[in-house]
Each structure stands twice: as structure tokens, then as C-alpha cells.
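J.: Numbering (this note's numbering), first residue to last: 1 to 124.
Before anything else, here's the structure in question.
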Amino acid sequence: MFITSEAYPFAKTGGLADYSYSLPKALAKRGHTVHLFLPRYYCVDKQKFQCTLIGKPLAVPIGSGTRWSGIYYTSYLEGVHTYFIEHDDYYGRDGLYDYNGVSYNDNAERFIYFCRACIEAIKQ
Numbered sequence: 001m002f003i004t005s006e007a008y009p010f011a012k013t014g015g016l017a018d019y020s021y022s023l024p025k026a027l028a029k030r031g032h033t034v035h036l037f038l039p040r041y042y043c044v045d046k047q048k049f050q051c052t053l054i055g056k057p058l059a060v061p062i063g064s065g066t067r068w069s070g071i072y073y074t075s076y077l078e079g080v081h082t083y084f085i086e087h088d089d090y091y092g093r094d095g096l097y098d099y100n101g102v103s104y105n106d107n108a109e110r111f112i113y114f115c116r117a118c119i120e121a122i123k124q
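This is the structure in C-alpha cells:
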């Protein structure tokens, strides 16, 4: 199980994306079952990567309320089961962490939500 904010070829700003691609691929090649979770950023092309919406909307308890996400799945990376957590308010933006070099003010909230959504997705 890999939970990461970026992975090549889906979303990349630096070396984390390369690592988050290489290690799951290597483990899958050795016969391990590998699941990779990422946010479904605006730059992740659902058609190109043959992503399919799976299951019902995911209820994510956060703070005193609940927010909803979709989960997309692709087997684009051979041997790696890849899941994308979709929430347009958090990830449907230009840039993964910033816009024109200015960090998004809600980055901590965005990735707390992502971690919580992954936990809920794993429970399903």
C-alpha cells in the first residue's frame, strides 16, 4: 500500500513522483500485490490513463462534518492497482501544491483530507 501526493506518470513535480513510481513497480515485478493511492489532480487525464469510477461516493468524515469523494481506478501501471481520490475543491486546480509559485493556503487541509479519504477507501 502506497499513499503519495504524486507519482509518475500521473502527477509530478520532483523526485517523489519518480520514487512513488519506481518502488511500487519493482515490488509488483517481484510478485507483490501493490495498491497506490493519489489525489486525482486536474492534470490526471482520466481518458489517457483509462480511469474508471468505482464504487459509490466515498463519505469522508472530516472535522464536524462529512465530505464526499469519488474513487477512480486504473491498471495503467502494469501490476500496480492505482486509485485516485477525487475532490474537485481540493485537487481540481492548476498545480499540485501551488499556482505560479504561490503555495495554496489550504495545503495542510487538502492533504489531511486526502489521508482521511484513503483510510475510508481502504475500509471499503
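Don't be surprised by glycine CBs; every beta carbon is placed ideally from N, CA and C.
Everything numeric in this text was worked out from a predicted model, so none of it was measured.
Compute the Euclidean distance between the alpha carbons of C43 and G65, then round it to the nearest angstrom.
T.: Their Cα atoms are separated by approximately 28 Å.
J.: Just mark A7 as buried or exposed, buried being the case when its beta carbon has 16 or more other beta carbons within 10 Å.
T.: So A7 counts as buried.
J.: With DSSP as the reference, please indicate the residues paired to T52 in a beta bridge.
T.: Y73.
J.: In angstroms with no decimal places, state the Cα-to-Cα distance between P24 and H81.
T.: Roughly 10 Å separates the two Cα atoms.
J.: Quick one: using the 10 Å Cβ neighbour count with 16 as the cut-off for buried, is P39 buried or exposed?
T.: Buried.
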